[in-house]
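Counted from 1, the sequence shown has number 73 at position 73 by UniProt numbering; the numbering is strictly sequential. Even for Gly, the Cβ is constructed at its ideal location relative to N, Cα and C. For reference, the structure is listed below as structure tokens.
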Amino acid sequence: MLSFYEVHVHELRDLIKDIQNGKWATLEKPYIPPSFLKYIYTEDESEISQIKKRLEYLTNDESEIRQIKKSVDDLTSDNSEISQIKKRVDGLTSDKTEISQINKRFEDLTNLFDNFKDEVISKLNELKSS
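Below is the structure:
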């Protein structure tokens, strides 16, 4: 019953607004009682206040969206920094393998030199004894 009443009230409101805007179906302009006009203006004011509240809410949402966007941009720049650090770590890993290969070569050369030194000393000792 209440929804039926609301529908008719909204239809009446629309009719009154049409009459105020110069649209009516009779030959003469219909009379609108002041109490109806007061109701229409009250409805309009409440709608305007609701719209203002919604705009304030949307404005707050917009600032929150900007903050989120800034955070995402910061994360994106952080992500690029992380990828650069990752590349550096990968470079260090490849450098580490190269260093270990150089160390192995150095050990091989050291062993070769030690062997050569031992051979030279043994040959010298042989020559001294003969």
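Indicate whether residue i and residue j have their beta-carbon atoms separated by less than 9 Å.
i: Pro30; j: Ile19; result: yes
i: Ile16; j: Phe36; result: yes
Item to check | Sufficient close CB pairs (3 or more, under 8 Å) joining the stretch 74-82 to the stretch 51-64 | outcome: no
Item to check | Whole runs of the alpha helix (DSSP H) within the stretch 58-114, excluding any shorter than 4 residues | outcome: none
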